[in-house]
Amino acid sequence: MSSVLTGEGDSVARMVLTVIASFVLVLAVFNYINIAIVSATKRLKEIGVRKVMGGTRKALIFQFLTENVVLTLFALILGFVIAVTMLIPGFDKLFDIGLDFHYNQPQLWLFLFVLVVFTGLLSGAYPALYISNFSAVNIFRGRLKFGGKNRLTKVFLTFQYILALIAVVGGILFTLNTNYQNGLSWGYNQNNVISAFVNDEAEIKQLMNAMSRNPKVEEMSASYTHLNRSTSSKIIEVIDKKYDIPSMIVDANYINTMGLKLIEGREFDKARENDYQNVLVNEKMAKLLNPEGALGMQFKSDSLNYTVVGVLEDFHQWSFFDPIEPMFIRLAKEDEYRYFSMRVTEGTLQTSFEDMKSTWSELFPEKPFDGYYQETSLDWYFRNIQGHSKLMQSVAAICILLSCLGLYGLVSLNVASRVKEFSIRKALGAGVKNLVYVINRQFALFLGIALILGTPLSYLLMTGLFDTVYALHIPITWMPFFIALAIVVVMVGITILSPVRKVMTTSPTEGLRSE
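For the sequence shown, the residue numbers in the working numbering are 172 to 686.
Structure below.
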């Protein structure tokens with residue numbers, strides 16, 4: 172289903188949206204179960220009359236389940252219209268994660284049909300079984316008491332707060348991780364570099380010759396592959412072992428132009444004829460070849476023998492989703508040039524870009540200019556993680572809201588079913604603290620259980636999620652969990668204020684009279 176919505180481009184977006192949909196659906200089901208049981212007080216006479224008139228329990232269960240499936244269908248239709256017209260365009264505009272909806276896929280409609288039936292039956296099963304079990308005699312004698320021993324609703328509430336805690340922790344961690352990754356080093360100096368895809372060695376030579384006269388230009392280079400844009404995969408043989416290794420093919424000045432860091436050995440020297448048989452490797456490749464030292468090591472690729480003459484500090488060829496892989500860099504021949512790059516003086520990036528664009532128009536007036544700032548080459552990634560962060564913040568807010576609605580319903584039901592008890596307590600001199608304790612002790616217990624279970628569970632889930640999604644991510648400490656605990660506790664406190672306040676402001680006389 173998530174691929175129908177997001178396409179195949181962003182696996183993390185699909186994962187996050189799947190988590191969001193699952194969380195919201197589960198919370199909605201739990202909430203509906205609680206609300207359905209609370210609402211049963213308004214249908215007691217109907218249930219009693221049906222039973223007196225000969226209605227069987229099976230018939231009542233079938234009626235309640237049918238009503239629930241129909242209600243779920245209407246909810247789906249309304250939700251579908253709202254999602255397509257408002258939420259999907261709004262989320263795409265706000266979070267910039269490339270949402271799209273495909274109506275013409277049969278699996279979408281099959282999924283929605285299964286979702287309606289499954290959700291309708293799942294959310295309606297327990298209320299139907301619970302309500303249909305009422306005795307007609309007890310209904311008409313007023314002996315039914317809601318909210319007392321209905322333990323399953325308390326279990327549902329506990330699960331709601333476990334899910335809410337997980338969502339809040341996720342929202343905090345995704346936000347912190349976005350800030351963390353924005354400050355990570357790319358492994359090379361991407362600033363003050365302008366790059367362009369030219370795809371013609373003769374045109375690259377013309378462009379280099381023209382830009383060499385610009386005083387703002389410090390370094391220039393050409394390459395077949397380029398950082399954050401492309402690599403060339405090669406099979407290499409090292410001591411009878413074969414590896415599929417990505418490689419880069421660049422000119423002799425590429426290392427200086429892009430600010431790659433040489434930590435051992437030397438760079439390429441175009442004046443050396445045999446340098447076309449030499450390579451530079453990153454640290455990962457060096458360890459693969461020989462952990463004790465890779466300089467002078469040889470390997471074979473495309474029937475040619477290559478010798479390692481330098482080791483570069485590891486750099487990120489792609490995004491931080493992907494781990495740094497072993498990689499080697501060989502010297503490009505002139506007929507292999509496809510990309511052009513130049514480093515300009517500090518503070519002249521924009522004007523240099525305009526100079527390059529103007530020069531391009533003069534040299535190749537009929538060919539579109541495909542230049543860009545190198546520092547923007549991973550913008551798509553940072554937009555994605557920013558969108559994921561906002562999505563998790565949204566789902567945290569939704570989960571908290573749904574959980575608080577469920578709690579409000581249960582507290583209100585609890586208060587309504589114990590008006591006589593609270594009135595007698597107040598008449599006997601019970602104070603505010605005593606009444607607050609009596610009303611909220613069971614809910615505090617379930618909240619405590621949720622926090623005790625939810626904290627380690629959220630730690631395990633978030634650790635696994637971050638290790639799966641990101642090659643580099645923020646260290647997961649306990650601070651976000653303490654913040655999440657505080658947020659959940661505060662929201663619970665705010666939620667129960669209104670029902671508790673109603674008890675406090677109702678006089679014992681009014682309470683006893685209503686009973």
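Glycine included, C-beta positions come from ideal geometry on N, C-alpha and C.
Classify residue i as helix, strand or coil using the three-state DSSP reduction.
| i | result |
| --- | --- |
| R501 | strand |
| E435 | strand |
| R554 | helix |
| I406 | strand |
| V364 | strand |
| H559 | helix |
| Y510 | strand |
| S669 | helix |
| S401 | strand |
| M675 | helix |
| F492 | coil |
| G600 | coil |
| G225 | coil |
| L631 | helix |
| N605 | helix |
| P260 | helix |
| L643 | coil |
| S585 | Residue identity check: residue 585 is Asn in the sequence provided, not Ser. If DSSP states are grouped into helix, strand and coil, N585 belongs with the helices. |
| G354 | coil |
| Y359 | coil |
Once you ignore the five residues that flank residue i on each side, which residues in its own chain have a CB closer than 8 Å to its CB?
| i | result |
| --- | --- |
| E179 | Confidence in E179 is poor, its pLDDT being 42 and thus under 50, which makes the residue's placement unreliable; the coordinate value appears in the next sentence. If we look at E179 and ignore the five residues flanking it on each side, it has no Cβ neighbours. |
| D739 | Shown here, the chain extends from 172 to 686; a query on residue 739 therefore has no answer. |
| G138 | Here the chain has residues from 172 to 686 only, and residue 138 is not among them. |
| N304 | R228 |
Under the rule that 16 or more other beta-carbon atoms within 10 Å means buried, what is residue i, buried or exposed?
| i | result |
| --- | --- |
| M498 | buried |
| S418 | buried |
| V659 | buried |
| G354 | exposed |
| L668 | exposed |
| P700 | With the chain covering 172 to 686 only, the question about residue 700 has no answer from this structure. |
| W531 | buried |
| L258 | exposed |
| F284 | exposed |
| M429 | buried |
| K412 | exposed |
| I302 | buried |
| S594 | buried |
| A442 | exposed |
| I623 | exposed |
| G664 | exposed |
| G225 | exposed |
| D422 | buried |
| L520 | buried |
| G219 | buried |
| L328 | buried |
Tell me which residue opens and which closes the alpha helix (DSSP H) that residue i is part of.
| i | result |
| --- | --- |
| A657 | M650 to T666 |
| P417 | Run containing P417: none in the alpha helix (DSSP H); it sits in the beta strand (DSSP E), K412 to V421. |
| S303 | P277 to S303 |
| L247 | R228 to I253 |
| N427 | Y425 to M429 |
| L378 | E372 to M382 |
By Cβ distance, which residues of its chain are closer than 6 Å to residue i, with the 5 residues on each side in sequence left out?
| i | result |
| --- | --- |
| Y630 | none |
| Q377 | L534 |
| T396 | T402, S403, M419 and I420 |
| L344 | M633 and P651 |
| L573 | L198 and N202 |
| D440 | D446 |
| V369 | I375 and F511 |
| M456 | P497, M498 and F499 |
| G291 | N239, V240 and T243 |
| P670 | V582, S583 and V586 |
| Q545 | Q361, V364 and S366 |
| T626 | F652 |
| W649 | none |
Suppose the cutoff is 7 Å on Cβ atoms and the five residues either side in sequence are ignored; what does the same chain contact list for residue i look like?
| i | result |
| --- | --- |
| Q469 | N476, Y477 and T478 |
| N461 | M468 |
| M382 | V388, M391, M513, M527 and T530 |
| V515 | N363, I365, K387, V388, E389 and S523 |
| Y425 | S392 and S394 |
From which residue to which residue does the beta strand (DSSP E) around residue i run?
| i | result |
| --- | --- |
| V388 | V388 to S394 |
So is residue i in contact with chain B if we call contact Cβ pairs under 8 Å?
| i | result |
| --- | --- |
| K222 | Given the protein chain composition of this structure (a single chain), no chain B is represented. |
Task: Runs of alpha helix (DSSP H) lying entirely within the stretch 431 to 490, each at least 4 residues, in chain order - done: 454 to 460
TODO: Could I get the ranges of all uninterrupted beta strand (DSSP E) runs contained in the stretch 514 to 547, with 3 residues as the minimum, in chain order?
DONE: 542 to 544
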